[in-house]
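Written out below as structure tokens is the structure these notes cover.
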Amino acid sequence: MSETKQLWAEVAVDVPVFAALSYAVPPAFAGMIRAGQLVQVPFRNKSKTGLVMRVTAEAPDFEGKIRDILDIVDRNPLLNETGLNFLKFVSEYYMSPMGEVMRLAVPSAARVEGIKWYVRTPYDGVLEEDLSAAYALIEDKIPLHLLREKSDLPFARLSELESLGAVDVEYVDESALKPKTEAFFKLSGKEPESRVGAKQDEILTLLHELKEASMEEIKARVNSPYSSLKSLEERGLLIRWEVEVYRDPFKDAVVDTAISPSLTEQQSRALSAINAANGFGAFLLHGVTGSGKTMVYVEAIRALRAAGERALILLPEIALTPQFVGVFRSFFGDDIAVLHSGLSQAQKFDQWRRIQKSDVSIVIGARSAVFAPIENLGMIIVDEEHDPSFKQEEGPRYNARDLALMRGKLEGARVILGSATPSLESFQNALEGRITLLRMPIRVQSRPLPPVSVVDMRRRSDLAYGVLSGPLLDSMTKSFMAAKQSILFLNRRGYSPCVVCSSCGFKFMCSQCDVSLTYHRRQESLRCHHCDFSVRLPETCPECTEATIGPMGVGTEKLEEILGELFPNRRVERLDRDTGTGGGLQNILKKVNDGEVDILVGTQMVTKGHDFPGVTTVGVVLADMSLNFPDFRAAERTFQLLTQVAGRAGRGDDPGEVVVQTYSPEHYSLETAARHDFEGFAERELALRKELKYPPFAHMIAIKFEATLEGAVIQAARDYATTARRILRKESGLSDVVVVGPAIAPIEKLRGRTRYQLLFRCSDRSKVRRVVGSVLNHEKYFDPAGKTEHRNVRIVVDIDPLNLL
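This is the structure we're talking about:
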């Protein structure tokens, strides 16, 4: 008898270790361990669930004892080879621990540990003694980990019950998150032995007609049927069973069946180019606001579904989702799963399960949906690809737009990046031929882009409440007279950005962050928008005790109040993070669409792709805010915001008008935005970036340092900087790598932690990665056990950073 060959498995475990860990495959599991499975492994003095990345006969290069895999959690792999390669790329490119990356792809609601249940089914076969004893422990259903404890059998052995059909599998979160079920009923075939009541007779007649019906169907035809159903079931006249149904996050949204409009010539050209691609192909769909990019997506996916493939659509913000999902549901019904952070845990769980089981062909979600377990993926669409919220700012600092391109390459799928204001990185890639540029410069039905008036706020004498200019108020009044709507954009929530004492100049600051506290009038509180610290607004100044404190500046809450006083007969709504949470968002959007709002005031949530045909006036209250950020992308973000919010005007049959209030009317980002001239803006901004060696002409990596002790963070930043400059002096060919810092972050303190950062920049990606990799290795960054000197400092590596504040 030949000896079983020893195998080893590389397992990604959710611990702060960068590489997958090696474990031996015990003889009992020979031939059972496969890449993509979840297994239980020992880690220190605990057992943990990990993802098998690779199984190999090659012994690991490790001198210590290699421990055995403890158990197989699930025989069915959660990820295929392409999915595993994708995770490896994410870990390597973003220099993130494999365990953290695994957590992105296998979310808590989908992990088997603690949520897998066995449901007993009728089984007439003969079970071996140990399995028979375990089967007897299942009265109805039981958590798998509890069955393992009671039976003292490993998961791998218990899984034989699945293979034999003795149990079905459910996934139920221990915190009461469980699959939603619905009761169904049918006639048992037994005749009633005595008289039945009128309502019971009504139910029996209905089931005779329908053969079987759900509780919802019965309730729709029979008023309050519960007691009658229970009585019929107890008498043996009905058979009842439960069927798993999915919680629909948009169940109450009214969706009409859409009729596909005839595509314009520019839409048809773009669609033809996309459909002609064979395998991987990347496209930048640059269409002005209102040009019909969504219909290009719809028709591309229609052709994709006909070929039996699936699509993933990534959106930047939850604010975009309800209206966007509504459009796709009108074309594709319920063949859609939705993934985003606004869903409840139960809804996320259901949507993930639908995707994993290939029950849907379209997945729509925010950035984390790029990890969705979609089989036969043929297309990825990144709508509003320029949006910075595609960048993750906690854990692995990935950019979902960039990962969409990589996943498309691995899957052989087409990738469409859509935007009216493409990121300069994507636009430069298109200019250099790396991706195909598809232009759509005309609005559907040849509707004109709204004219933009730039109002110079310097030395104006016609300002209402010091905030709203005469031209803006005139435009709003004209819209009201025509029974149309207005949107006012101010990217600052709260009543006012700070509260100051007029006697001594004291300003209320956050005790944990280097920022002023924002006054929220409705709560009568001062709140930090970074750490959420809040205090009641006092009556007197804590510094001089005078009752001379007051709010300064204007936020969306104050603007809402001002508009209510200026237009007392108009209906004003506010859309920001204070009002747009939970069901508030959909409620506000519905009221605007239904014409129940005259003025919508909001932060950048109002700029996000909404289609309001009744809006004819858009006002930008203070266009300079984003221009003043200490960030090389400030001009680009200002242009994007202005163009996007301007695009909300004139999308219906009536022409629109945009009024931009600014103290910097001569700035080129405002001048080009007023002309709707993206390419003019891009030409000037790209020339500046090239001269200064900033992205997209350079690749950037930031190492960020945070600690509660200022001295510790300064020392860590200096040590890393010293190491970096030593490497640049010693190694040849790295003279073009620029190291900036260490420097205090623009917001020096956040959540009680002092912040420093070190920036690396070079036109050659491989060189800057080589330098940073050498620095991290020297400082033992990849070896958490070896970190001693800077153990109390949080050190974060941010590849291709977007937020440098």
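So the sequence shown is numbered by this note's numbering: it starts at 236 and just counts up by one. Glycine residues also receive a C-beta, built at the ideal position from the N, C-alpha and C atoms.
Compare the C-beta of residue i against all C-beta atoms of chain C and say whether one is closer than 8 Å.
| i | result |
| --- | --- |
| P460 | Protein chains in the displayed structure number just one, and chain C is not present. |
CB residue i to CB residue j, shorter than 8 Å?
| i | j | result |
| --- | --- | --- |
| P786 | V836 | no |
| P1036 | V894 | no |
| L286 | L305 | no |
| F253 | I307 | no |
| L519 | S661 | yes |
| F724 | V880 | yes |
| V690 | S704 | yes |
| R756 | E808 | no |
| G271 | L314 | yes |
| V531 | A505 | yes |
| R910 | G525 | no |
| V1121 | L969 | The requested residue 1121 is not part of the displayed model; the chain covers only 236 to 1040. |
| P631 | Y329 | yes |
| I938 | L985 | no |
| G653 | K825 | no |
| H521 | L666 | no |
| F768 | S737 | no |
I think residue i touches residue j, with their Cβ atoms under 8 Å apart; what is that distance to the nearest whole Å?
| i | j | result |
| --- | --- | --- |
| C748 | H765 | 5 Å |
| G790 | Y730 | 5 Å |
| A604 | L638 | That pair is no contact at about 11 Å. |
| L396 | R383 | L396 to R383, Cβ: 12 Å. No contact. |
| V750 | I982 | 6 Å |
| R924 | F916 | That belief does not hold up - the Cβ atoms of R924 and F916 are roughly 12 Å apart, past 8 Å. |
| F566 | I599 | With a Cβ gap of about 12 Å, F566 and I599 do not count as contacting. |
Looking only at its own chain, which residues have a Cβ that is under 8 Å from the Cβ of residue i, when we skip the five neighbours before and after it?
| i | result |
| --- | --- |
| W243 | S257, Y258, A259, V260, V290, T291, A292, E293, A294, P295, I301 |
| E447 | F419, F420, K421 |
| A947 | H1025, N1027, V1028 |
| G788 | R727, S731, P732, C733 |
| L645 | T317, N320, F321, F324 |
| A542 | G613 |
Any heavy atom of the ligand GTP within a distance shorter than 7 Å of the CB on residue i?
| i | result |
| --- | --- |
| V617 | As far as ligands go, the structure on display features none, and thus does not contain the ligand GTP. |
Can you find the residues in the same chain that come closer than 7 Å, C-beta to C-beta, to residue i, ignoring five residues on each side of it along the sequence?
| i | result |
| --- | --- |
| L921 | L659, Q663 |
| H443 | L422 |
| I377 | W352, Y353 |
| R456 | L441 |
| P848 | R886, G887 |
| E774 | A782 |
| D859 | T897, Y898, S899 |
| A411 | Unreliable positioning characterises A411 in this predicted model, as indicated by a pLDDT of 45, which lies under 50. The coordinate reading is nonetheless provided below. Nothing meets the Cβ criterion. |
Does residue i come out as helix, strand or coil in the three-state DSSP assignment?
| i | result |
| --- | --- |
| G643 | helix |
| A959 | helix |
| E417 | strand |
| A345 | At A345 the pLDDT is 49, less than 50, meaning the model places this residue with poor confidence; the figure from the coordinates comes in the next sentence. A345: coil per DSSP, three-state reduction. |
| Y353 | strand |
| F940 | strand |
| G543 | coil |
| M675 | strand |
| K928 | coil |
| H755 | strand |
| V431 | coil |
| F743 | coil |
| A247 | strand |
| H845 | coil |
| L684 | coil |
| H911 | coil |
| F278 | strand |
| K984 | strand |
| R1029 | strand |
| I373 | coil |
| E477 | strand |
Less than 6 Å between C-beta atoms, sequence neighbours within five positions excluded: which residues of the same chain meet that for residue i?
| i | result |
| --- | --- |
| V347 | Reliability fails at V347, whose pLDDT of 46 lies under 50, so the model's placement of it is uncertain and no value is given. |
| F741 | C776, E778 |
| P312 | R269, G271, Q272 |
| Q875 | H621, T656 |
| D846 | R886 |
| S449 | E417, F419 |
Quiz prompt | Contained beta strand (DSSP E) runs [length at least 3] in the stretch 588-663, N- to C-terminal order | solution = 597-600, 612-618, 649-654
Quiz item: Where in the stretch 782-832 do unbroken runs of the beta strand (DSSP E), each at least 3 residues long, occur, reported from the N-terminal end onward?
Solution: 784-787, 807-810
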